[in-house]
Amino acid sequence: MWESLNLKKIVEYAKDPYPSIRKWAKDTGKKVVGSTIADVPEEVIYAFGFLPVAILGTNKPLKKAPSLLPDNACSLARSNLELALSYEGDLFGGFVLPQVCDTTQHLSDIWRINFPDKYVESYLAPRQVDRPSARYWVKEEIERLIASLGKWSGKAVSDEDLNKSIAIHNENKELLKELYEIKKKFPGTITNKEFFAMLKLSEQVDKAEFNKSLMAIKDNLKLKEEKGYTDIILVGITCDPPEIYETFDELKLNIVGDTLVTGTRYLQGDVTLGNGSPIDALTERHFKKGFYSPIHDNVYKNFEEIKKLYKETNAKAIIYVHIEFCESQEFDLPDLKKMIKKEGIPLHVLDTEYQTTSLSHVRTRLQAFFESLKGGSL
Amino acid sequence: MSEKLTSKQMSRKITDAYLEEAFHAHELGKLIGYSTAISPVELFVAHDIIPVYPENHSVANLTAKKGAEMCAITENLGYTSHLCAYARSDLAYRHTGMTVTKGIPEPDLFLACNAQCFTLTKWFQVLARRGNIPLFVFDTPEYVMDKKTREEIVKYCVVQLKELIGFLEEVTKKKFDYDRLKEVMKYSAASSVLYKKFLDMAQYKPSPISIFDALIGMAIAVYRRGTQECVEYYQTLCDEIQAKVDQGIGVIQNEKYRLYWENLPVWFKFSDHAKLLGSYGGVILTSLYVHAWSFEFDLNKDPLVTLAENYVSRFSNSTIEDRASMALKLFEKYSMNGMIMFMNRSCKAVSFAVPTLKDILTKKTGIPALVFESDMGDQRFYAESQVRTRIEAYFETLDRLQA
Chain A
128 MWESLNLKKI VEYAKDPYPS IRKWAKDTGK KVVGSTIADV PEEVIYAFGF LPVAILGTNK
188 PLKKAPSLLP DNACSLARSN LELALSYEGD LFGGFVLPQV CDTTQHLSDI WRINFPDKYV
248 ESYLAPRQVD RPSARYWVKE EIERLIASLG KWSGKAVSDE DLNKSIAIHN ENKELLKELY
308 EIKKKFPGTI TNKEFFAMLK LSEQVDKAEF NKSLMAIKDN LKLKEEKGYT DIILVGITCD
368 PPEIYETFDE LKLNIVGDTL VTGTRYLQGD VTLGNGSPID ALTERHFKKG FYSPIHDNVY
428 KNFEEIKKLY KETNAKAIIY VHIEFCESQE FDLPDLKKMI KKEGIPLHVL DTEYQTTSLS
488 HVRTRLQAFF ESLKGGSL
Chain B
47 MSEKLTSKQM SRKITDAYLE EAFHAHELGK LIGYSTAISP VELFVAHDII PVYPENHSVA
107 NLTAKKGAEM CAITENLGYT SHLCAYARSD LAYRHTGMTV TKGIPEPDLF LACNAQCFTL
167 TKWFQVLARR GNIPLFVFDT PEYVMDKKTR EEIVKYCVVQ LKELIGFLEE VTKKKFDYDR
227 LKEVMKYSAA SSVLYKKFLD MAQYKPSPIS IFDALIGMAI AVYRRGTQEC VEYYQTLCDE
287 IQAKVDQGIG VIQNEKYRLY WENLPVWFKF SDHAKLLGSY GGVILTSLYV HAWSFEFDLN
347 KDPLVTLAEN YVSRFSNSTI EDRASMALKL FEKYSMNGMI MFMNRSCKAV SFAVPTLKDI
407 LTKKTGIPAL VFESDMGDQR FYAESQVRTR IEAYFETLDR LQA
């Protein structure tokens, strides 16, 4: 299903992966388990023989979600709920929903109440990360998730199953990292849109199959030297709709670093298998990556991370992607902006909302921003 | 012989003494700890840290109708209008000094417990960055319904309370006194029982108290629990209300509708709402919000265990199903026959559950609900005529159903 896709097909599938997932489920007879971002260890779900799918919103109209979540709720949360309630709910055998903020906490309750016949489990991610208890709790939750999936499926997973799953996921991240490096150096070879489509689809389809596509793409790339690109760093949680990447491409903006959950924060999640158990390794992973949940982010740490990326890549500007109405981002952004500006780094904030159909305002503002930069420091 | 003080006089006296001590904390060798209203503040009290609640200060400003002006100041600093009005008005106070009170002392440390919400954590992070002040997040995972998971959650919380004690010892350079904690717990347990007794007096017909009395009466439970004076205050308050019960004195003369309120109040419409509803024979008796401080501490248990069990199981950290069960118990106990479900733009943590909660409550009770959207503190989100029209229409519906 996903083992021999070229870049064009990947972009197409990433835009709407659900028909192919539906067909896969029918052909294989396997169950699909949806998760919202972030922190759920997808390797565990995969080890049970299920397909873990990151639910990343829908561009289709909102019909049912507005009566359950008001219009000042995170637009990704509303969009995800709509996707499950109106469009793709039947596809999923169950859901594992992380609780990383107040909104996701309610979301998992609403989800459970609205899908009484499906398997719905919460993944109670710790909302503090600097103390020993956080490590203890992550391990507890991974073990609880394994027990819960075991009960639902009537199966048990061995360390070997987990290790095998981890290896497939690690391979996927390695391939993506290599492709990202190529994209950064040769933006004419792989566009922003194509790279982030590969990454998005990786979070949604069977990686054992998809890795073959990625491998073939990597091996057959014809590197194209193209000039006139402006390197940028993308900061945020997600960047949607995908047409924003197209706008970057059209404006010849090359993403050379990012902090997105649907970007580098995902790639940082490879699991180091040492002498301990795979559960220990999965626990350690939670703490080694830049934290998935921006609500944990220490703004100073976030700033240092951005500054480092900016300097290392010699980028020309930071683009911050704000999702309406992410409360965490909204509390952090004023101080983060101040720190970035004080450092003399050009910054542009993109306000995005799921279900957005017209991006003309994004394009106009981006154009104006980069034109003003060219008049100055570029 | 001195005359016994009324609860109102006691409340004033306790509050004045508390603020006096807070403003002179450093001279007294004490530290100021900012805390979320729902958090294991017993540890602060046992360690001579004076708890200060920026939320309470915000309530004073919002009730005095300063919300729109203060929130606009914060929005000019780059914050959006979608954030909590407590936080927005507080950030305006930090920026301009604007307040209708004497203000509150600056913090030496922060304690954020997310059983209440994560908003407070983010707000406290903003304040902590202003002075590089230490912040402790007491992380309370949602109190899901599975018994075994609950036990694990409590264990995780106990481990964190031990970490909190370590944190306090490090900040104050002083050893924590567990015997003192036991003593504080006795007061906290006793005042919680009395506070609940006070709230439960709304079950009498006619009810001697409304939610507006409860909202005023809860202040001491929020900021002085764990002290002897808190116990004495609630004993006096209960005695006073019992006297009203004995005389058959109700909040309103012709009590017709006994109402449930979901969410925090609209602070700047506090008394207006009471009058308006009263004119229709309606009195709001209670909400889960005021019950958030009705703790049931078990003094036979390790103090850290009973603290963890109580704080993690607050309504705001419970599943929607459990929240509905808690509300249904109140409907039954207080014989309520109406409900007002407030969608509070400021409080996402409470409000995002409201539509689902409303569906469950109306289905289970057969009582229609009045739903309205506004903000607890920012008048710019309050449409007077719309709310009045809806209240009128709601009472017409209830009248029709009763006829």
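These protein sequence lines are chains A and B, in that order.
For the first sequence, the working numbering begins at 128 and goes up steadily by one.
For the second sequence, the working numbering begins at 47 and goes up steadily by one.
For every residue, glycine included, the Cβ atom is placed at its ideal position computed from N, Cα and C.
query: What is the C-beta distance between M389(B) and L416(B), in whole angstroms, given that I count them as a contact (C-beta under 8 Å)?
result: Reading the second sequence from its first residue, position 343 is the one you call residue 389(B). Reading the second sequence from its first residue, position 370 is the one you call residue 416(B). With 8 Å as the limit, M389(B) and L416(B) do not qualify as a contact, their Cβ atoms being about 11 Å apart.
Partner residues on chain B for Y196(A), Cβ-Cβ distance less than 9 Å: The residue labelled residue 196(A) in the question sits at position 69 within the first sequence. For the record, residue 196(A) in the displayed sequence is Leu; it is not Tyr. Within 9 Å Cβ-Cβ: F398 and P401.
message: Counting only beta-carbon separations shorter than 7 Å, does L505(A) have a partner in chain B?
response: By one-based count along the first sequence, residue 505(A) stands at place 378. Unreliable positioning characterises L505(A) in this predicted model, as indicated by a pLDDT of 43, which lies under 50. A coordinate reading is not provided.
Distance, E170(A) Cα to E301(A) Cα: Here the question's residue 301(A) lines up with position 174 in the first sequence. Here the question's residue 170(A) lines up with position 43 in the first sequence. A direct Cα-to-Cα measurement between E301(A) and E170(A) gives close to 15 Å.
query: For the candidate residues R175(B), L129(B) and H93(B), whose alpha-carbon lies nearest to that of C163(B)?
result: Here residue 163(B) refers to the residue found at position 117 of the second sequence. Here the closest residue by C-alpha is L129(B).
- prompt: For chain A, is any of its Cβ atoms less than 7 Å away from the one on T126(B)?
  reply: To locate residue 126(B), count along the second sequence from 1; it is residue 80. At least one CB atom of chain A sits nearer than 7 Å to the CB of T126(B).
- prompt: Which bits of chain B does C228(A) rub up against, with CB to CB less than 7 Å?
  reply: Numbered from its first residue, the first sequence carries residue 228(A) at position 101. Residues of chain B passing the Cβ test: F164.
message: Residues of the stretch 229 to 244 of chain B in Cβ contact with chain A at a cutoff of 9 Å, in chain order, please.
response: Answer in chain order: no residues at all.
- request: Locate the alpha helix (DSSP H) running through N102(B), then write down its first and last residues.
  value: As a working note, residue 102(B) is residue 56 in the second sequence. Start and end: P100 to T109.
query: Nearest-angstrom Cα distance between E188(B) and Q425(B)?
result: Taking the first residue of the second sequence as 1, we reach residue 188(B) at position 142. Taking the first residue of the second sequence as 1, we reach residue 425(B) at position 379. The alpha-carbon separation between E188(B) and Q425(B) amounts to approximately 32 Å.
query: Name the DSSP beta bridge partners of H233(A), please?
result: Here residue 233(A) is taken as the residue at index 106 of the first sequence, counted from 1. Beta-bridge annotation (DSSP): H233(A) is not paired with any residue.
- prompt: Quick one: is A204(A) buried, meaning 16 or more other Cβ sit within 10 Å of its Cβ, or exposed?
  reply: Here residue 204(A) is taken as the residue at index 77 of the first sequence, counted from 1. A204(A) is buried by the Cβ-count criterion.
- request: Check each residue of the stretch 254 to 268 of chain A: if its Cβ is closer than 7 Å to any Cβ of chain B, include it; give the result in chain order.
  value: Hits within the stretch, in order: R254, Q255, R258, S260, Y263, W264 and E267.
query: Name the DSSP beta bridge partners of Y326(B), please?
result: Position 280 of the second sequence, counting from 1, holds the residue named residue 326(B). The partner list for Y326(B) (beta bridge, DSSP) is empty, contrary to what the question assumes.
- prompt: Which first and last residues belong to the beta strand (DSSP E) in which G99(A) is found?
  reply: Examination of residue 99(A) is not possible in this model, given that chain A is present from 128 through 505 alone.
- prompt: Is the Cβ of D185(B) closer than 7 Å to any Cβ of chain A?
  reply: Taking the second sequence and counting its residues from 1, one reaches residue 185(B) at position 139. Output row for D185(B): interface = yes.
- prompt: With C-beta atoms as the reference, is C228(A) less than 7 Å away from F452(A)?
  reply: Taking the first residue of the first sequence as 1, we reach residue 228(A) at position 101. Taking the first residue of the first sequence as 1, we reach residue 452(A) at position 325. Between C228(A) and F452(A), the gap from beta carbon to beta carbon reaches 7 Å or more.
task: Answer yes or no: do Q249(B) and Y139(B) have a C-beta to C-beta separation smaller than 7 Å?
output: Here residue 249(B) corresponds to residue number 203 of the second sequence, with the count starting at 1. Here residue 139(B) corresponds to residue number 93 of the second sequence, with the count starting at 1. Inclusion of Q249(B) and Y139(B) in the CB contact set at 7 Å is not warranted, their separation being larger than that value.
Distance between P225(A) and I266(B) (C-alpha atoms, nearest Å): In the second sequence, residue 266(B) corresponds to position 220, counting from 1. In the first sequence, residue 225(A) corresponds to position 98, counting from 1. Cα atoms of I266(B) and P225(A): separation of roughly 36 Å, rounded to the nearest angstrom.
- prompt: Can you list, in chain order, the stretches of the beta strand (DSSP E) that have 3 or more residues and sit fully within the stretch 268 to 349 of chain B?
  reply: Runs found: 303 to 308 and 328 to 332.
query: Taking Cβ positions only, does N429(A) come closer than 7 Å to chain B?
result: Numbered from 1 along the first sequence, position 302 holds the residue referred to as residue 429(A). For N429(A), the answer is no, since every Cβ of chain B falls outside 7 Å of its Cβ.
- prompt: If you follow the beta strand (DSSP E) that P225(A) is part of, which residue opens it and which one closes it?
  reply: By 1-based counting over the first sequence, the position of residue 225(A) is 98. G221 to P225 is the span of the beta strand (DSSP E), which, as asked, contains P225(A).
- prompt: Listed in chain order, which residues of the stretch 235 to 246 of chain A have Cβ atoms closer than 7 Å to some Cβ of chain B?
  reply: So the list reads D236, I237 and I240, given in the order they occur along the chain.
message: Taking 7 Å as the threshold (C-beta atoms), are T82(B) and C159(B) in contact?
response: What you label residue 159(B) is simply residue 113 of the second sequence in a count that begins at 1. What you label residue 82(B) is simply residue 36 of the second sequence in a count that begins at 1. Closer than 7 Å, so yes.
field: Cα-Cα separation between R446(B) and T402(B), rounded to whole angstroms
entry: On the second sequence, position 400 is the one that residue 446(B) refers to. On the second sequence, position 356 is the one that residue 402(B) refers to. Computed Cα separation, rounded: 26 Å.
query: In chain A, which residues lie less than 9 Å from I366(B) when you measure between Cβ atoms?
result: For the purposes of this step, residue 366(B) is identified with residue 320 of the second sequence, where counting begins at 1. Using a Cβ-Cβ cut-off of 9 Å, I366(B) is close to H233, D236, I237, R239 and I240 of chain A, given in chain order.
field: Exposure of N122(B), with buried meaning 16 or more beta-carbon neighbours within 10 Å
entry: Here residue 122(B) refers to the residue found at position 76 when the second sequence is read from its first residue. Looking at its Cβ environment, which holds fewer than 16 other Cβ atoms inside 10 Å, N122(B) is exposed.
- prompt: Taking all protein chains shown into account, do 16 or more other C-beta atoms lie within 10 angstroms of the C-beta of F414(A), making it buried, or fewer, making it exposed?
  reply: As a first step, residue 414(A) must be located in the first sequence, where it is residue number 287. Counting C-beta atoms within 10 angstroms of its own C-beta, F414(A) has fewer than 16 neighbours from the protein chains shown and is therefore classed as exposed.
query: Of all Cβ atoms in chain A, is any one closer than 7 Å to the Cβ of A83(B)?
result: Here residue 83(B) is taken as the residue at index 37 of the second sequence, counted from 1. At a cut-off of 7 Å between beta carbons, A83(B) makes no contact with chain A.
query: Taking 7 Å as the CB-CB limit, is L251(A) close to chain B?
result: Along the first sequence, read from residue 1 onward, the residue named residue 251(A) stands at position 124. Interface with chain B (7 Å Cβ-Cβ cutoff): L251(A) is included.
query: Once you ignore the five residues that flank R391(B) on each side, which residues in its own chain have a CB closer than 6 Å to its CB?
result: Within the second sequence, numbered from 1, the residue matching residue 391(B) stands at position 345. Excluding sequence positions up to five before and after R391(B), its CB lies within less than 6 Å of the CB of D421 and F427, all in the same chain and listed in chain order.
message: I want to verify the contact list: residues of chain B whose CB lies under 8 Å from the CB of A200(A), in sequence order.
response: Working through the first sequence from its first residue, we reach residue 200(A) at position 73. Identification of chain B residues near A200(A) by a Cβ-Cβ cut-off of 8 Å yields K394 and F398, ordered along the chain.
query: Does DSSP put L74(B) in a helix, a strand or coil?
result: Translated into positions along the second sequence, residue 74(B) becomes position 28. L74(B): coil per DSSP, three-state reduction.
query: First and last residue of the beta strand (DSSP E) that includes M387(B)?
result: One-based indexing of the second sequence puts residue 387(B) at position 341. Secondary structure note for M387(B): its beta strand (DSSP E) is the uninterrupted segment G384 to N390.
- prompt: Taking a cut of 7 Å between CB atoms, which residues from the stretch 111 to 138 of chain B lie near chain A?
  reply: Hits within the stretch, in order: L123, G124, Y125, T126, H128 and L129.
- prompt: When DSSP labels each residue in this structure, what does T491(A) get in the three-state scheme?
  reply: Numbered from its first residue, the first sequence carries residue 491(A) at position 364. If DSSP states are grouped into helix, strand and coil, T491(A) belongs with the helices.
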